[in-house]
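Going down the list, the sequences are from chains A and B.
Quick note: the first sequence uses the numbering used here, first residue 1, plus one each step.
Quick note: the second sequence uses the numbering used here, first residue 482, plus one each step.
Built from N, CA and C at the ideal position, the CB exists for glycine as well.
Every value quoted in this text rests on a predicted model; they were computed, and no experiment measured them.
Protein chains: 2
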Amino acid sequence: MDSLSPLQKKRLDYKPAIPDLLRDLRKVHFKAMKSSQRPPETLKKLFPKSFDLPTHQLVEGRGEERELKIGALFSGGPAPGGHNVLAGMCDTGAKVFGFFNGPAGLVENQGREIENIDPYRNQGGFDLLGSGRTKIETREQLAASLKTVKERRLDGLVVIGGDDSNTNAALLAEYFLEHGSQTKVVGVPKTIDGDLKSEEIEIPFGFDSACKTYAEIIGNIARDAQSSRKYYHFIKLMGRSASHVTLECALATHPNLALIGEERRGLQEIVGEISEMICKRYEAGKEYGVILLPEGLIEFVPELHQGIQDVPLEKDPHGNIQVSQIQTEKLLVELVKKELQKRRFKGKLNTQEHFLGYEGRSCMPSNFDANYCYTLGRMATLAIRDGLTGVICSVQHLRKSPREWGMKALPLVQLMDLEIRSGKEKPVIKKALVDMKQKSFVYFLRHRKSWELDDQYRYPGPIQFFGDPEVTDAAPLSLMD
Amino acid sequence: MDSLSPLQKKRLDYKPAIPDLLRDLRKVHFKAMKSSQRPPETLKKLFPKSFDLPTHQLVEGRGEERELKIGALFSGGPAPGGHNVLAGMCDTGAKVFGFFNGPAGLVENQGREIENIDPYRNQGGFDLLGSGRTKIETREQLAASLKTVKERRLDGLVVIGGDDSNTNAALLAEYFLEHGSQTKVVGVPKTIDGDLKSEEIEIPFGFDSACKTYAEIIGNIARDAQSSRKYYHFIKLMGRSASHVTLECALATHPNLALIGEERRGLQEIVGEISEMICKRYEAGKEYGVILLPEGLIEFVPELHQGIQDVPLEKDPHGNIQVSQIQTEKLLVELVKKELQKRRFKGKLNTQEHFLGYEGRSCMPSNFDANYCYTLGRMATLAIRDGLTGVICSVQHLRKSPREWGMKALPLVQLMDLEIRSGKEKPVIKKALVDMKQKSFVYFLRHRKSWELDDQYRYPGPIQFFGDPEVTDAAPLSLMD
């Protein structure tokens, strides 16, 4: 038996679709735009050099031909498509030096030149380099990072990560500028959580493939529920704070109930709604169902949050509670069972609890993510070529065909704010929560009642890579905004 | 947004591939063969009428044209492809009456004629009819079933189920024969567990799709482990006794360790092996890994079995312990942690536990299962047309192209044995365990050591339906025998 699966092999041959603008790199360049947005004044003292950077847009025009040597690192949890960012960089002709195990590899100057990206094309995971969650913030770490990029003679550094990692990128960019380094720092928006969004960043990479994998599984479980008519499945979905993953999966699968943290409902209200639904379905002869809840629910429900205050919970190096440790789904089931007793419920409540996270973070990227990531890698290289630093790559019109995508480099400081963490003022990238006015949420609001009683489960099935583009190339459903 | 996903819609159009023999039903018939196998004599008193039935093979020759009215029911847990069995029946022109919620629907005469199978073609689940686990064994139940088939004027009854359900089918066939009923009873081998095998039944339907879905998820988790380098993932796989699912998934994904219940190793040996591997990988700088274990492990490990004797466990109506309730994976993790302490292990053991079951039982059937099930449905109808009863459909050469598949109807009694259940002698179909001599197991034995230290993870990716047949149409790997 071959050590590569047939699909792995086939996927190596996939040629990502890219924007027309990116075909010939000698014919495009980044051009400064007038920006309406200004970062909060409070950030000026922390980012004196990079505070006033303009947004740039990729436009037609002469592009410089330069030999580039660029460092790259993965930061935080894996997301499908990371290897394609590297492939997009390598294919410009740039030399790419990969740092091992995330920011730690930069600080410790551990890594290797990527000589052959071919075995990783269109494959999931971050395993070519590994990843890590080290936060670069001390003077020593910043100085060590500067030393590394000098020694490696890097023209630029591409940080592939989420909100915390891109905060790192902003700090590095500022530090490098302050110290007269020529190394540019460019961020690439990654997170399956989907919370690294803004007006300009429609969705980070990885979100699409991870959600499609979760939706496949949820659809399968729903069909099982409807076939066996025996269990309520409580399915918790990864996503640190925001409920983007849950919303996307709900749109894809039409569960009987999906809790969205951002609605900020009280625990009693939630338990009441679930119990009410179970009673109504029982009267309709249905003792089964599917309920989705976001991992981050706990951050929005005061009583849940209260309940866990005393439990000693591990925090990650960024000071975030590791919410995946908290078994919200089991807690909810217990509370619902009590509530049903109170209501003298005559039926049975058999439950199965699931947590979907690791199942989707390293899957093979969908065509959407494969194209998107390859585009991001190509763009990041161009941004460095054109001398931009402290920026993050942003691709516009993601619902359209890749050929029509637009590309901007946004100053990271524009996405930032000051927050109090562990008693200190820290610059952070604002997490984008589900907006109660966004089209996809309004759609969900309008339809969710009809999913409660009738079973209108929608079965997305497994991600397809070949065949009709309607099936293979679809963008995330929540991009309807 | 459409209530059907784009892939659901596309799959409705798939035309299952069938054996050449099944193209024109007027040109084939079942022919009795000389059988070398004889059922155990002890069964003669229980099955006086059906004890001596011969095996039949489908061969070319004139086939009778008859209008048929056939009942069908799903029994037990769902398996991908069930709806295609019904489609295969309907497309012969037979009238198909579907009983609701498994054998209970037959006893209670609840069901409906299937007028339009189209929305269910190539879709997962058993939701068109529902399923159930009622065991038909009392005189009253048997008499009620006979009454139903008489009232419905059924020429035959197709029981789509696993070992227990096909035992039911055998009892019904015998009872109907004893009472002079003209209704034939034909079984169709279903179970994702894969334990309804014999020399003649290469694999039951559903096993392929379920395992492919589990393998997709396991591959994703392995890639995550290798990317994050942080966790040991203990993944428990559904499968009541036999470890076929675990073996198949191990062949598909090359985990660091896969426990096969049938090796009948002691608990200490298992805990020792896992701990040993964790220590060795730690020395190689790896604090992550993937370990597969079968749900049924507990039935083969005396100490595990002992440990749960006192716990009051729910039994299903067939008297089977519901092993999925037992958190073997958590128990093992605790024991390994203790063992590592004893060995003064200096590394960290962070674990994530998973249980894969409901994620795959109702997925969209792979092309393999879609073809196989459609073939089984067509065959079952022919068996009834040709007057066979007390038989199960068996398709040969499943590794070859469907065009070359061969088809037999095996007397169910040939698969049976007498077992003591709850103190009484009961006829049961022998569960097929993993055979230590089967080729796929020998292959596994030969390679598993090399998977322990080196990461040779194989990533199957999601089931594909379109494109290269090497990717879309592959049979299960354990069919190498």
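For residue i, three-class secondary structure by DSSP
| i | result |
| --- | --- |
| B/C874 | strand |
| A/V428 | strand |
| B/A956 | coil |
| B/F688 | helix |
| A/T351 | strand |
| B/A861 | helix |
| A/K31 | strand |
| B/P950 | helix |
| B/R902 | strand |
| A/E334 | helix |
| B/E541 | strand |
| B/M845 | coil |
| A/K9 | helix |
| B/L485 | coil |
| B/L534 | coil |
| B/A498 | coil |
| B/M961 | helix |
| B/P892 | strand |
| B/K550 | strand |
Residues near residue i by beta carbon distance below 8 Å, same chain, minus five either side
| i | result |
| --- | --- |
| B/A733 | C692, K693, A696, I699, G700, R939, P941, L958 |
| A/V471 | Q464 |
| B/V588 | T615, I617, Q622, A625, S626, T629 |
| B/L652 | I617, E618, L623, P908 |
| B/G753 | E820 |
| B/P856 | According to the sequence shown, residue 856 of chain B is Thr rather than Pro. Counting only Cβ-Cβ distances below 8 Å, and skipping sequence neighbours, we find P497, I499, P500, L503, G569, V876, P883, W886, M888. |
| B/Q790 | Because B/Q790 sits at a pLDDT of 48, beneath the cut-off of 50, its placement in the model cannot be relied upon, and the following sentence gives the value as read from the coordinates. Within the same chain, B/Q790 has no close Cβ partners at all. |
Residue i versus residue j: straight-line alpha-carbon distance, rounded
| i | j | result |
| --- | --- | --- |
| B/M758 | B/Q808 | 22 Å |
| B/K827 | B/K818 | 12 Å |
| B/G637 | B/D501 | 25 Å |
| B/N582 | A/A370 | 43 Å |
| B/V666 | A/L398 | 56 Å |
| A/Q8 | B/T664 | 50 Å |
| A/V311 | B/E810 | Unreliable positioning characterises A/V311 in this predicted model, as indicated by a pLDDT of 47, which lies under 50. A coordinate reading is not provided. |
| A/G77 | B/Q707 | 11 Å |
| A/L293 | A/F444 | 14 Å |
| A/K31 | A/F97 | 27 Å |
| B/Q604 | B/I641 | 16 Å |
| B/S516 | B/R507 | 26 Å |
| B/A955 | A/P6 | 9 Å |
| A/M436 | A/L267 | 19 Å |
| B/I702 | A/P365 | 14 Å |
Cutoff 6 Å; reference residue i; Cβ partners in own chain excluding five residues on either side
| i | result |
| --- | --- |
| B/G860 | Gly is not the amino acid found at residue 860 of chain B; the sequence shown has Met there. Answer for B/M860: C874, M888, listed in chain order. |
| A/E299 | S241 |
| A/A258 | T246, A250, L292 |
| B/K576 | K550 |
| A/R121 | L12, A87 |
| B/G841 | A691, T694, Y695 |
Same chain only: Cβ atoms within 7 Å of residue i, ignoring 5 sequence neighbours per side
| i | result |
| --- | --- |
| A/S377 | Reading off the sequence shown, one finds Gly at residue 377 of chain A, where the question assumed Ser. The residues are N84, V85, L86, A87, G88, M89. |
| A/K49 | E174, L177, E178 |
| A/V434 | A242, S243, H244, L247, I260, E262, F441 |
| B/D949 | none |
Nearest-angstrom Cβ-Cβ length linking residue i and residue j, presumed shorter than 8 Å
| i | j | result |
| --- | --- | --- |
| A/E287 | A/K348 | 6 Å |
| B/T1008 | B/I910 | In the structure displayed, chain B extends from 482 to 962; residue 1008 of chain B sits before or after that span and is not available. |
| A/R385 | A/L68 | 6 Å |
| B/F836 | B/K930 | 27 Å between Cβ atoms; not a contact. |
| A/Q456 | A/H254 | 5 Å |
| B/P521 | B/L899 | 7 Å |
| B/N737 | B/V782 | So it is not a contact: roughly 20 Å between Cβ atoms. |
beta-carbon residue i near the ligand COA non-hydrogen atom, thresh 7 Å
| i | result |
| --- | --- |
| B/T953 | Looking for the ligand COA in the displayed structure turns up nothing, as the structure carries no ligands at all. |
Going residue by residue through the segment 209-260 of chain A, where are the continuous beta strand (DSSP E) segments of at least 3 residues, counting only ones entirely within it?
232-237
Entirely within the segment 151-200 of chain A and at least 4 residues each: give me those alpha helix (DSSP H) ranges in chain order.
Complete alpha helix (DSSP H) runs here, min 4: 163-178.
Tell me the start and end of each unbroken alpha helix (DSSP H) in the segment 73-152 of chain A that is at least 4 residues and wholly inside, in chain order.
Correct list: 82-90, 103-107, 139-151.
May I have a chain-ordered list of the alpha helix (DSSP H) segments no shorter than 4 residues that lie completely inside the segment 261-310 of chain A?
267-283, 297-300, 302-307
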